[in-house]
Amino acid sequence: FIEVTHIRDLRQREITDTHIRIGGATTLSELVQLLDEAAASTASTCCASFRAVLAGVQSHVLRIANWHVRDVGTVAGNLALARKFGFESDLVTLFTVLEAGVTVVDVATGTCSTVPVLTFVRAGGDATTTTKTTTWFITGVCIPLPPPSTTIGRTYFFSSYKVGIRVQNSHAIVNAAFL
């Protein structure tokens, strides 16, 4: 393994009117803070119900592992585990329902692209195949925000569920999220 958490570009975080961009080396604890900042900073552009969606996602992320793990575990690490080992990832479920894209660099060609979360997890094989044919380096995740013009009069409902051996500090056996 190579330590990449000190690479500034992999830790970048950005909130705009159109998206939330999360660097791959962003820890889960930092993701919780970013979601809180996003809910506050999009107050003028997103409807209240979508801000509630971000709060619901934040609440679910707080159920991943414990604070010790969230302080060092990264977004890219979680997605990589899901891709390589078929790990029941809370983040894959949450990012999928939010229609997030994973920004990757193809190691073979050096090209950068953004792919849907499920495409990333399934690319080059299924969950039972540990040798994927596509070698990607995760640089970040982009969560699109609904355009202000489409949120007028619209109400968003979000609910997520995690079933595990314990409420916290246990990997999920089943995850579900609905938007």
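Just so you know, we're using the working numbering here: the sequence shown kicks off at 498 and counts up by one. By construction, the Cβ of each residue, glycine as well, lies at the ideal position given by its N, Cα and C atoms.
Check your understanding: Taking glutamate 534 as the reference, which of Ala522, Ile517, Tyr658 has the closest Cα?
Key -> In the sequence shown, residue 534 corresponds to position 37, counting from 1. When only C-alpha atoms are compared, the closest one is Ile517.
Check your understanding: Residue range of the beta strand (DSSP E) that asparagine 672 falls in?
Key -> By one-based count along the sequence shown, residue 672 stands at place 175. Going by DSSP, asparagine 672 is part of the beta strand (DSSP E) stretching over 669–675.
Check your understanding: From what residue to what residue does the beta strand (DSSP E) around threonine 590 run?
Key -> Residue 590 sits at position 93 when you count from the first residue of the sequence shown. From DSSP, threonine 590 is part of no beta strand (DSSP E) but of the alpha helix (DSSP H) over 587–594.
Check your understanding: Which residues in the same chain have their Cβ closer than 7 Å to the Cβ of phenylalanine 634, if we skip the five residues on either side of it in sequence?
Key -> Taking the first residue of the sequence shown as position 1, residue 634 is located at position 137. Within the same chain, phenylalanine 634 has close Cβ partners Val601, Val602, Val604.
Review point. Should the segment 574–584 be called in touch with the segment 652–663, which here means at least 3 C-beta pairs below 8 Å?
Key: They do not touch, by the three-pair rule.
Review point. How many Å lie between glycine 622 and glycine 553 at the Cα?
Key: As a first step, residue 622 must be located in the sequence shown, where it is residue number 125. As a first step, residue 553 must be located in the sequence shown, where it is residue number 56. The predicted position of glycine 622 is uncertain, since its pLDDT is 48 and thus under 50; a value taken from the coordinates is nonetheless stated next. Answer to the nearest angstrom: the Cα atoms are 32 Å apart.
Point to revise | Counted within 10 angstroms of its Cβ, other Cβ atoms place leucine 615 as buried (16 or more) or exposed | key: By 1-based counting over the sequence shown, the position of residue 615 is 118. Classification of leucine 615: exposed, given that the 10 Å Cβ count is below 16.
Check your understanding: If we count the other Cβ atoms within 10 Å of its Cβ and call it buried at 16 or more, is phenylalanine 675 buried or exposed?
Key -> Along the sequence shown, one-based indexing puts residue 675 at 178. That one is exposed.
Review point. Nearest-angstrom Cα distance between alanine 549 and phenylalanine 654?
Key: Residue numbering aside, residue 549 sits at position 52 when the sequence shown is read from its first letter. Residue numbering aside, residue 654 sits at position 157 when the sequence shown is read from its first letter. Alanine 549 and phenylalanine 654: Cα-Cα distance of roughly 8 Å.
Review point. How is the beta strand (DSSP E) around glycine 661 delimited, first residue to last?
Key: For this step, residue 661 is matched to residue 164 along the sequence shown. Note, glycine 661: beta strand (DSSP E), 656–661.
Check your understanding: Nearest to aspartate 506 by CA position, among Glu500, Ala522, Ile499, Thr513, is which residue?
Key -> Counted from its first residue, the sequence shown places residue 506 at position 9. Checking every option, the nearest Cα to that of aspartate 506 belongs to Ala522.
Review point. Using a Cβ-Cβ cut-off of 6 Å (strictly less than) and excluding sequence neighbours within five positions of alanine 673, which residues of its own chain qualify?
Key: In the sequence shown, residue 673 corresponds to position 176, counting from 1. These residues qualify, in order along the chain: Tyr658.
**Study point:** Counterpart residues of isoleucine 635 in DSSP-defined beta bridges
**Key:** Within the sequence shown, numbered from 1, the residue matching residue 635 stands at position 138. In the DSSP assignment, isoleucine 635 is bridged to Val601.
Point to revise | For isoleucine 640 and alanine 536, the rounded distance between their alpha carbons | key: Looking up residue 536 in the sequence shown gives position 39. Looking up residue 640 in the sequence shown gives position 143. A straight line joining the alpha-carbon of alanine 536 with that of isoleucine 640 spans about 13 Å.
Point to revise | Neighbourhood of threonine 627 by C-beta distance below 8 Å, restricted to the same chain and skipping five residues each side | key: Counted from its first residue, the sequence shown places residue 627 at position 130. Bear in mind that a pLDDT of 46 at threonine 627, under 50, signals an unreliable position, so the number given afterwards is only what the model happens to contain. Listed in chain order, the non-local C-beta contacts of threonine 627 below 8 Å within the same chain comprise Lys581, Phe582, local neighbours out to five positions each way being set aside.
Practice item. Please report the residue range of the beta strand (DSSP E) in which threonine 611 lies. Key: Within the sequence shown, numbered from 1, the residue matching residue 611 stands at position 114. Per DSSP, threonine 611 belongs to the beta strand (DSSP E) from 609–613.
Practice item. Report all residues from its chain with a CB closer than 7 Å to the CB of leucine 559; omit the five preceding and five following residues, and keep chain order. Key: Taking the first residue of the sequence shown as position 1, residue 559 is located at position 62. Within the same chain, leucine 559 has close Cβ partners Val529.
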